[in-house]
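Take 1 as the starting number for the sequence shown in UniProt numbering and just add one per residue.
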Amino acid sequence: MFTGIVQGVARVESIEAREGLHTLHLKFPQGFDAELAIGASVSCDGVCLTVTERPAPGVASFDVMAQTLRLTTLGGLMVGSGLNVERAAKEGVEIGGHPLSGHVDVSARIAEIRRPDNNHVIRFALPAPWMRYVFAKGYIGVNGCSLTVAEARRERDGSGWFEVWLIPETLRMTTFGDKDVGDAVHIEIERSTQVVVDTVRDALDEKLGPLLPVLEAIAAERGIDITQLALPKS
1 MFTGIVQGVA
11 RVESIEAREG
21 LHTLHLKFPQ
31 GFDAELAIGA
41 SVSCDGVCLT
51 VTERPAPGVA
61 SFDVMAQTLR
71 LTTLGGLMVG
81 SGLNVERAAK
91 EGVEIGGHPL
101 SGHVDVSARI
111 AEIRRPDNNH
121 VIRFALPAPW
131 MRYVFAKGYI
141 GVNGCSLTVA
151 EARRERDGSG
161 WFEVWLIPET
171 LRMTTFGDKD
181 VGDAVHIEIE
191 RSTQVVVDTV
201 RDALDEKLGP
211 LLPVLEAIAA
221 ERGIDITQLA
231 LPKS
């Protein structure tokens, strides 16, 4: 379990690429690896990885299996690449962000970057059906960082976009300042939001049955997500 408060940026020191398995050797920021033992969990760009070796102080090794390589951007890392890292949360720790499991749901693409004074705004394009779980002022995990959604828009096909505003401190502690339009990022949906949305959808399906697809199609033509109509108002 993680809190989504990124503790620094690790750099890829070397990669052992074998068929279906990559071993990443990551160099951590000073002090990050204090008492970091083999078997410990570390969030690396939002992906929960297990320490398999400690070859040197400040360095740890992680095995990334084929399934993870297929579903994430970790297979495209190069020597020198940076990753947002966070140690697993300890009992009693203050959760400044929101609980994250380190299990990536989907990848999004950066669609736009704006830089108003002292701020950094990133718009992410998210495929269907994941936009149904993203709401303005809600939480979302992006490359392991707990962020608040500033704006969100759903398209008729179920895809859409959302924006986050990043302060200088977030840019300093993460890799977001190095990202460009078109780059892929890992998304972890906030679980309680997902549970509520799926429960509402199941209830609507149970009550409306065959009529639900028809109502959804009519609502989509008018730019309405009928799931939102049944959600409690914030």
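Cβ coordinates follow ideal geometry from the N, Cα and C atoms, glycine included.
For this session: Would you mind sorting Leu-21 into buried or exposed? The rule is 16 or more other CB atoms within 10 Å of its CB.
Result: Position 21 of the sequence shown, counted from the first residue, corresponds to residue 21. Flag for Leu-21 reads exposed.
Exercise. Among all the DSSP beta bridges, which residues are the ones paired with Lys-27?
Worked result: To locate residue 27, count along the sequence shown from 1; it is residue 27. DSSP output for Lys-27 lists Arg-11 and Val-59 as bridge partner(s).
Problem set entry | Buried or exposed by the 16-neighbour rule on C-beta atoms within 10 Å, applied to Thr-52 | For this step, residue 52 is matched to residue 52 along the sequence shown. Exposed, since its Cβ has fewer than 16 Cβ neighbours within 10 Å.
Problem set entry | Segment contact, 8 Å Cβ cut-off, at least three pairs: the stretch 122-137 with the stretch 48-66 | no
For this session: Identify which residue in Arg-109, Val-47, Pro-57 and Pro-116 has its Cα closest to the Cα of Ala-128.
Result: Numbered from its first residue, the sequence shown carries residue 128 at position 128. Looking at the Cα atoms, Arg-109 is the closest of the given residues.
For this session: Helix, strand or coil for Phe-124, going by three-state DSSP, please let me know.
Result: Residue numbering aside, residue 124 sits at position 124 when the sequence shown is read from its first letter. It is a strand residue.
Problem set entry | Cα-Cα separation, Arg-132 to Glu-163 | By 1-based counting over the sequence shown, the position of residue 132 is 132. By 1-based counting over the sequence shown, the position of residue 163 is 163. The alpha-carbon atoms of Arg-132 and Glu-163 are separated by roughly 15 Å.
Exercise. Does the stretch 93-101 touch the stretch 14-28, meaning 3 or more C-beta pairs lie closer than 8 Å?
Worked result: no
For this session: Compare the Cα-Cα distances from Gly-75 to each of Val-47, Ala-37, Ile-167 and Val-9 and report the closest residue.
Result: Numbered from its first residue, the sequence shown carries residue 75 at position 75. Nearest C-alpha to Gly-75: Val-47.
Problem set entry | Close Cβ partners of Ile-113 (< 8 Å) along its chain, the five nearest in sequence each way excluded | Within the sequence shown, numbered from 1, the residue matching residue 113 stands at position 113. His-120, Val-121, Ile-122, Arg-123, Lys-179, Asp-180 and Val-181.
For this session: Spell out the partners DSSP gives Thr-52 in its beta bridges.
Result: Residue numbering aside, residue 52 sits at position 52 when the sequence shown is read from its first letter. Its beta-bridge partners do not exist; DSSP assigns none.
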